[in-house]
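In our numbering, the protein residues as written are 5 to 163.
C-beta: ideal position from N, C-alpha, C; glycine also.
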């Protein structure tokens, strides 16, 4: 089977059109998220955080005292996240804090040490020869599982 000479160009143009459409959808979704965020109301804690960033920028010499005063007034009067973003316009924001691996290590070590006990409780529950073994398995798992769930929520908090 021979292919026409213009078929690769057609295929490339179709792929390029799909990529362009996907990029347009991604940009439209990003614009919708940005608009939704800009119109959502800001909290007092968020205003305080922006004020702290402005004070740090002033301490670093990035703002004059007049700019600090104007932007602080704008921040304290802000109703939406869009207003807060305007107060921070042109400033370098501090980098996000790096996540510490301590929580993951603690959760992993706890799971490693509790795994044999969890297996004993599970075996007693599922393969117990009488009702007493099964009750022991339920109680044993009832004592061991809640601390694991607590450590899980501590190590991987929901956002």
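Under the 8 Å Cβ criterion, the stretch 62 to 80 does not count as touching the stretch 27 to 39, having fewer than three qualifying pairs.
In the structure shown, the three-state DSSP call for residue 97 is coil.
Taking residue 84 as the centre and dropping the five residues before and after it, the same chain places the C-beta of 42, 43, 44, 45, 46 closer than 7 Å to its C-beta, in chain order. Within the stretch 41 to 122, the runs of alpha helix (DSSP H) that reach at least 4 residues and sit entirely inside it are, in chain order, 48 to 63, 69 to 81, 85 to 91.
Per DSSP, residue 156 is one residue of the alpha helix (DSSP H) stretching across 135 to 159. If you check the CB distance, residue 125 and residue 132 do not come in under 8 Å.
A distance below 8 Å separates the beta carbons of residue 137 and residue 128. For the 8 Å CB-CB criterion, residue 159 and residue 111 form a contact.
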